[in-house]
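The letter at position 55 of the sequence shown is residue 91 when you use the numbering used here, and the numbering goes up by one with no holes. The C-beta atom is built at its ideal place from N, Cα and C for all residues, glycine as well.
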Amino acid sequence: MYFMVNGTNKKSSDCAIFNVNASVMAAVNWSPDPLGHDGMTMTFKVNQQLNRTSTIFTRIMFSFNDDKGHIIGYTLHPVERNATVIQDTFNVVIPRKIPSKHTISVALEALGIYTHCITFYRDSRSG
37 MYFMVNGTNK KSSDCAIFNV NASVMAAVNW SPDPLGHDGM TMTFKVNQQL NRTSTIFTRI
97 MFSFNDDKGH IIGYTLHPVE RNATVIQDTF NVVIPRKIPS KHTISVALEA LGIYTHCITF
157 YRDSRSG
């Protein structure tokens, strides 16, 4: 099911396409949007209240996928230990060969268990 996030008209959804049953992330924004050139650095801003305190194993994943949900490339960043909220900016390099029609997913996980996730759908890119 599609829905709007942060007052935008951009399609987004939970992460069921990846068989992930997790809460939808509250606030994720990035630039550039549409996606830029391969190898370019994107800036993601994340604001998320956590269900439980983060551990040394908690990570945030930024995933670039084709429109069917197949992962083309991803980046993992550690989350500060003992955090109850994430309010941070993350730099992520755009992987090669992302098609015009693609999805971008952002997920929080620890030891393979996903707690929050969101997928954004895009039909074009500038790069």
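Could you check where the beta strand (DSSP E) with residue i kicks off and where it finishes?
{"i": "Met76", "result": "Per DSSP, Met76 belongs to no beta strand (DSSP E) and is neither H nor E."}
{"i": "Pro114", "result": "107 to 114"}
{"i": "Asp102", "result": "94 to 102"}
Please return the same chain residues whose Cβ sits closer than 6 angstroms to the Cβ of residue i, not counting the five positions on each side in sequence.
{"i": "Tyr157", "result": "Lys47, Thr139"}
{"i": "Ser67", "result": "Thr79"}
{"i": "Ser162", "result": "Pro70, Gly72"}
{"i": "Met97", "result": "Tyr110, Leu112, Ala143"}
{"i": "Ile107", "result": "Ser99, Asn101"}
{"i": "Asn87", "result": "Thr151"}
From this set, the options, which residue's C-alpha is nearest residue i's C-alpha?
{"i": "Thr89", "options": "Glu116, Asn127, Cys153", "result": "Glu116"}
{"i": "Val142", "options": "Pro135, Arg132, Ile149, Ile154", "result": "Ile154"}
{"i": "Ile53", "options": "Gly75, Arg95, Ser99, Leu86", "result": "Ser99"}
{"i": "Asp124", "options": "Cys51, Asn65, Ile149, Val56", "result": "Asn65"}
{"i": "Asn127", "options": "Asn57, Met76, Val56", "result": "Met76"}
Tell me, please, which residues DSSP counts as bridged to residue i.
{"i": "Cys153", "result": "Val60, Ala143"}
{"i": "Ser237", "result": "Residue 237 falls outside the range modelled here, since the chain spans only 37 to 163, and no answer is possible."}
{"i": "Phe126", "result": "Phe80"}
{"i": "Ser49", "result": "Thr155"}
{"i": "Leu71", "result": "Arg161"}
{"i": "Val65", "result": "One detail in the question is off: residue 65 reads as Asn in this sequence, not Val. DSSP lists Lys81 as partners of Asn65."}
For residue i, which residues of its own chain have a beta-carbon under 8 angstroms away from its beta-carbon, when the five flanking residues on both sides are left out?
{"i": "Asp74", "result": "Ile130, Pro131, Arg132, Lys133, Ile134, Gly163"}
{"i": "Asp103", "result": "Pro135, Lys137, His138, Thr139, Tyr157"}
Quick one: residues in its chain with C-beta nearer than 7 angstroms to the C-beta of residue i, no 5 flanking neighbours on either side, listed in chain order?
{"i": "Leu147", "result": "Phe93"}
Query raised in the report: Using 8 angstroms as the threshold, is the stretch 61 to 75 in touch with the stretch 110 to 120, meaning 3 or more CB pairs across them?
Result: Output reads no: the stretch 110 to 120 does not touch the stretch 61 to 75.
Query - contact_flag[the stretch 81 to 88, the stretch 100 to 114] where n(CB pairs < 8 angstroms) is 3 or more - result: no
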